[in-house]
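Residue numbers (UniProt numbering): 1 to 725.
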C-alpha cells in the first residue's frame with residue numbers, strides 16, 4: 001500500500017480596516033513559485049526571518065479560482081475516481097477560512113472551495129460516458145462540542161456520535177439528501193449556512209462559532225466492456241470549515257462568546273495534539289477521542305483519505321504569535337502519512353439496488369416477468385415502524401366509526417357514505433404501502449450508511465393522505481419507489497406506471513449527459529495539464545533551492561589559491577552561524593509561545609475554578625432546602641452512584657426519587673395488639689375521647705393558675721394577715 005503525505009498550502013490575507021487603523025505592518029512574505037512563506041519577528045528586527053516550505057503558498061493577490069485549479073482540483077478529481085478526500089481550512093479567527101471555503105457568491109473569481117467542488121464533481125459526472133453516479137450530501141456542525149444536523153428538521157437538536165465496526169465513526173440520525181445537479185447542492189448549502197452559529201467579536205464581525213463539515217457521498221457503477229462485469233466504487237468528500245482559535249484579550253469575548261471560544265480552542269488544541277502524535281515516531285497512542293472534531297477527522301488524518309490542509313494567515317504584526325503558531329502546525333501536518341485506496345465493491349451499495357430494480361422493470365416491460373412479488377419480508381419491522389402502522393390503523397378505525405355513525409344517522413345518503421368508506425379504505429392501503437416503502441428504504445440506507453437518514457423528495461399530494469386528517473410532517477418521502485410492495489396480493493402495475501417508475505430511477509442516477517461535448521472534455525484536459533505543470537514547476541524550484549544550499553565545495557576541496565579557500569570557507573562559516581542563530585531564535589520563540597499558551601491555560605483554569613466555586617456556593621445554599629426524603633439530600637451517595645459516559649462525555653446521574661415512609665393510623669392506646677403496617681378499622685369511642693379532652697383542658701387551666709401564683713410574694717401576705725389589716 002502506497003503512502004501519501006497530507007498536502008498543505010498557506011494563504012495570506014491582506015490587512016483589514018481595523019489593522020490599518022492600528023497602523024499594523026506586514027510581517028509575512030510569500031514566494032509563490034517556491035511555495036515558501038517567511039515571517040519576521042516585529043520585536044526583533046535584527047533576527048533573520050523564519051522560512052517555511054509547503055505544497056503551495058498564495059499571497060493576498062491570489063484568488064480562490066487559482067487555489068482550486070493549482071491544488072484542490074487533483075484531490076476532487078480523485079474523489080470522482082473512488083478515493084476519499086478531505087479539504088479543511090485552519091487558522092486563527094478572522095484569517096479568511098470561511099472566505100476560502102464559502103467564498104463570495106457574486107464574485108466568480110472568489111467563489112469558495114465548496115461551491116467549486118460542486119461544479120467540478122457534476123462536470124466530471126456529465127463528461128463520463130460509461131459510469132453512472134448516485135450522489136448524496138449532508139451538512140453538520142460541531143457547536144460547543146455538540147453535533148447538530150444543519151439540514152435536519154430541528155437544526156438545534158443534538159446528534160450522537162457512534163462507531164461502526166465496518167463503516168467507522170459516523171453521526172447517528174444525520175440526514176443525507178439526494179442531489180442531482182449543482183443547483184441542488186447550492187440550495188442545501190445555503191440552508192445549512194443559515195442555520196450555522198455565527199457571532200461578532202472585536203476581531204471579526206461574522207465569526208464562525210462552530211466547526212462545519214459538508215460531505216458529498218458518491219457511488220459509481222461501471223461495466224467492463226470486455227468481460228461485461230459491473231464494478232462498484234464509493235467515495236466521499238469532506239469539506240471542513242473550522243472555527244478559528246482566538247485569545248480572549250484580543251477578541252473581547254464575554255458570556256456565550258467566551259464559552260464558545262473556550263470549546264473552540266479546546267477542540268483545536270486536541271487537533272494539534274493529534275497532528276503532533278501522528279508525526280512523532282515514538283508515540284504509539286493517537287488521542288483521537290479527545291474531541292468530536294478529531295474523531296470525525298480520524299480517517300482524514302492518518303487513514304484512507306487524500307487530505308488537503310489550507311492554513312489561513314494574517315500578515316499583521318500584532319498577530320505574529322498566532323500566525324507563527326499556525327505555520328508550525330501546518331509544517332507539522334505535512335509530515336502526516338495517509339494510506340488512500342480506491343473503495344471498490346462496497347457491501348450493500350444503494351446504487352446496486354437501483355440497478356437491480358431497473359433491470360426488473362425493463363424485464364416486466366418486455367413481458368418476461370408478469371407481476372411484482374410482495375417484498376414485505378425486506379422491511380425491518382422496527383418498533384418505530386410498528387408504532388406508526390398502529391397509529392395509522394387507529395386513525396382509520398376512528399374515521400370508520402365516525403362514518404358508520406353518520407351512516408346510521410343519515411340513511412338517505414347511504415350511497416354517498418358507502419363511497420366515502422370505500423375511499424377511506426383505499427387511502428389506508430395507500431398509506432400503509434408508503435409506510436412500508438419508507439421503512440424498506442430506511443433499512444436499506446442503514447445497511448449502507450449506519451445511523452444516517454436518507455432524505456428524498458415528496459410530492460405535495462402524497463403528503464395529505466386523508467382529507468382533513470393529520471399531516472405526517474415527515475420530509476422522508478420516497479421518489480425512488482424501490483421494490484414497491486403491496487401488503488395484500490401480487491401487484492400488477494400498468495405499463496404507464498412501470499415506465500414512470502423506470503424514469504424516476506434512471507433520473508436519480510446521473511452521468512454521461514455531456515459525454516459528447518468537446519468543449520467540456522477540452523476544459524477538463526486543460527485543467528488537468530495545468531495542475532500537473534504547476535506541480536512540476538514547484539518540484540524544480542525546490543530542487544534548485546536544495547542544490548544551492550549543498551556543500552559541494554567541501555566535497556571537492558580544490559581551490560586555486562589560499563584566498564579562494566579562505567573566502568569559500570568563510571562563506572560556509574557565516575551560513576552555519578546564520579543557521580545557529582536561527583535555531584537559537586527558534587528555541588526562544590518556542591519557549592515564549594509555550595509560556596503564552598501556559599498563561600492562557602492557567603487563565604482558563606482560573607475562570608473555570610471561579611465558575612465551579614460559584615456553583616458550589618449555590619449548591620451549599622440550596623442543599624439544605626432539599627426535602628430529607630429525597631435521594632439528592634445525600635450528595636455523597638449521589639457522587640458514588642454517578643458514572644461518566646466516555647461516548648457522550650457526560651455524567652449520568654441517578655433518577656430523582658422520593659422515599660416516603662407510610663406510618664400506621666393513630667389508634668386507641670388500649671388496643672395493644674395492632675402491629676405496624678396493618679390497616680384496621682377505626683374503633684375509637686368518641687364519647688371517651690371528649691371526656692379525656694375535657695380533663696386535659698382542666699389540667700391545663702389549673703397549671704395556668706399555678707403559674708400566676710408561683711411568683712407571688714407569700715411573706716408579705718403573712719405579715720399583713722398577722723397585723724390584722
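Glycine is no exception: its CB is placed at the ideal position from the N, C-alpha and C atoms. Model, not experiment: these values are computed from the prediction.
Is it true that the CB of residue j sits closer than 7 Å to the CB of residue i?
{"i": "residue 294", "j": "residue 271", "result": "yes"}
{"i": "residue 232", "j": "residue 221", "result": "yes"}
{"i": "residue 24", "j": "residue 311", "result": "no"}
{"i": "residue 629", "j": "residue 658", "result": "yes"}
{"i": "residue 208", "j": "residue 98", "result": "yes"}
{"i": "residue 218", "j": "residue 85", "result": "no"}
{"i": "residue 113", "j": "residue 87", "result": "yes"}
{"i": "residue 13", "j": "residue 68", "result": "no"}
{"i": "residue 342", "j": "residue 6", "result": "no"}
{"i": "residue 251", "j": "residue 203", "result": "yes"}
{"i": "residue 73", "j": "residue 541", "result": "no"}
{"i": "residue 653", "j": "residue 35", "result": "no"}
{"i": "residue 151", "j": "residue 141", "result": "no"}
For residue i, does the three-state DSSP call read helix, strand or coil?
{"i": "residue 136", "result": "strand"}
{"i": "residue 336", "result": "coil"}
{"i": "residue 179", "result": "coil"}
{"i": "residue 596", "result": "helix"}
{"i": "residue 341", "result": "coil"}
{"i": "residue 626", "result": "coil"}
{"i": "residue 656", "result": "coil"}
{"i": "residue 38", "result": "strand"}
{"i": "residue 83", "result": "coil"}
{"i": "residue 70", "result": "helix"}
{"i": "residue 47", "result": "coil"}
{"i": "residue 11", "result": "strand"}
{"i": "residue 279", "result": "helix"}
{"i": "residue 510", "result": "strand"}
{"i": "residue 617", "result": "helix"}
{"i": "residue 715", "result": "helix"}
At what residues does the alpha helix (DSSP H) containing residue i begin and finish?
{"i": "residue 643", "result": "No alpha helix (DSSP H) contains residue 643, which is instead part of the beta strand (DSSP E) from 643-645."}
{"i": "residue 185", "result": "182-195"}
{"i": "residue 172", "result": "From DSSP, residue 172 is part of no alpha helix (DSSP H) but of the beta strand (DSSP E) over 168-172."}
{"i": "residue 78", "result": "73-79"}
{"i": "residue 3", "result": "Per DSSP, residue 3 belongs to no alpha helix (DSSP H) and is neither H nor E."}
{"i": "residue 124", "result": "113-127"}
{"i": "residue 19", "result": "17-21"}
{"i": "residue 295", "result": "292-296"}
{"i": "residue 97", "result": "97-101"}
Rounded to a whole number of angstroms, what is the C-alpha to C-alpha distance between residue i and residue j?
{"i": "residue 190", "j": "residue 139", "result": "10 Å"}
{"i": "residue 459", "j": "residue 388", "result": "At residue 459 the pLDDT is 38, less than 50, meaning the model places this residue with poor confidence; the figure from the coordinates comes in the next sentence. Using only the alpha carbons, I get a separation of about 20 Å."}
{"i": "residue 39", "j": "residue 572", "result": "24 Å"}
{"i": "residue 50", "j": "residue 266", "result": "27 Å"}
{"i": "residue 329", "j": "residue 392", "result": "57 Å"}
{"i": "residue 290", "j": "residue 432", "result": "45 Å"}
{"i": "residue 623", "j": "residue 340", "result": "57 Å"}
{"i": "residue 489", "j": "residue 510", "result": "Unreliable positioning characterises residue 489 in this predicted model, as indicated by a pLDDT of 44, which lies under 50. The coordinate reading is nonetheless provided below. Distance between the alpha carbons of residue 489 and residue 510: 34 Å."}
{"i": "residue 602", "j": "residue 585", "result": "25 Å"}
{"i": "residue 451", "j": "residue 94", "result": "Below a pLDDT of 50, predicted positions are generally treated as unreliable, and residue 451, at 49, falls in that range; the measurement from the model is reported next regardless. Cα to Cα, the separation comes out at about 35 Å."}
{"i": "residue 298", "j": "residue 288", "result": "6 Å"}
{"i": "residue 156", "j": "residue 284", "result": "37 Å"}
{"i": "residue 132", "j": "residue 183", "result": "19 Å"}
{"i": "residue 591", "j": "residue 262", "result": "23 Å"}
{"i": "residue 163", "j": "residue 292", "result": "12 Å"}
{"i": "residue 275", "j": "residue 212", "result": "20 Å"}
{"i": "residue 100", "j": "residue 106", "result": "14 Å"}
{"i": "residue 109", "j": "residue 61", "result": "11 Å"}
{"i": "residue 638", "j": "residue 280", "result": "42 Å"}
{"i": "residue 169", "j": "residue 296", "result": "7 Å"}
{"i": "residue 46", "j": "residue 600", "result": "29 Å"}
Got a sec, what are the start and stop residues for the beta strand (DSSP E) residue i sits in?
{"i": "residue 149", "result": "146-149"}
{"i": "residue 161", "result": "158-164"}
{"i": "residue 50", "result": "50-53"}
{"i": "residue 306", "result": "306-314"}
{"i": "residue 28", "result": "28-31"}
{"i": "residue 56", "result": "56-58"}
Sorry if obvious, but does the Cβ on residue i come closer than 6 Å to a heavy atom of the ligand COA?
{"i": "residue 639", "result": "Looking at this structure, you won't find the ligand COA or any other ligand, since it has none at all."}
Report the start-end ranges of each beta strand (DSSP E) in the region 190-264 that is 3 residues or longer and not cut off at the edges. 211-223, 230-241
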